[in-house]
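Engineer: Sharing a structure below in structure tokens format, with a few things to ask.
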């Protein structure tokens, strides 16, 4: 049942992007995932025309405490920094006009602010209402569509 729900969410996202933005860059959306993402979910992304970037964990020279969980870590996820790097790299691409971020994490606030200064429209897709950080700053930074003036936000948990 979870796999079916995930596939419906991906299809809902693709449909929304086509309606809201008009299509994917080069007909492809890019999904940045941790190496431990379930293979079934990876397959569903690929099946729906999304290109995966697998982001492996980085070994830490000195263990640290995860600020979100309070647990010791010997490895660090690289998904967030890879998304930021890729978005900044894409700013120079002439067809890069929109970014659709599937997250509610405030770690992306600086990126969203920077992309606004570059004239990139910012759409937000929090996977669930619980995935939004408490301040909901990303919600405030999501742009209004240049034609419809509707805020470009899609919740996948509805």
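In my numbering, the protein residues as written are 4 to 161. The beta-carbon is built from N, C-alpha and C at its ideal position, and this holds for glycine as well. From a predicted model like this one, the values you see are computed outputs, not experimental measurements.
(1) CB residue 84 to CB residue 62, shorter than 8 Å?
(2) What is the rounded straight-line gap between the Cα of residue 39 and the Cα of residue 120?
(3) Near residue 76, which residues of its chain fall below 8 Å by C-beta distance, leaving aside the five closest residues on each side in sequence?
(4) When you compare only the Cα positions, how much space is there between residue 148 and residue 102?
(5) Secondary structure at residue 54, three-state DSSP: helix, strand or coil?
(6) Name the residue from 115, 95 and 71 whose alpha carbon lies nearest to the alpha carbon of residue 137.
Structural biologist: Walking through what the data contain:
(1) Mapped onto the chain shown, residue 84 falls at position 81. Mapped onto the chain shown, residue 62 falls at position 59. No, these two residues do not count as a Cβ contact at 8 Å.
(2) The sequence position of residue 39 within the chain shown is 36, counting from 1. The sequence position of residue 120 within the chain shown is 117, counting from 1. Taking the straight line joining both Cα atoms gives about 34 Å.
(3) For this step, residue 76 is matched to residue 73 along the chain shown. So the qualifying residues of the chain are 63, 66, 67, 68 and 69.
(4) Along the chain shown, read from residue 1 onward, the residue named residue 148 stands at position 145. Along the chain shown, read from residue 1 onward, the residue named residue 102 stands at position 99. Residue 148 and residue 102: Cα-Cα distance of roughly 12 Å.
(5) For the purposes of this step, residue 54 is taken as residue 51 along the chain shown, with counting starting at 1. Strand, per DSSP.
(6) Here residue 137 refers to the residue found at position 134 of the chain shown. Nearest to residue 137 by C-alpha distance, out of 115, 95 and 71, is 71.
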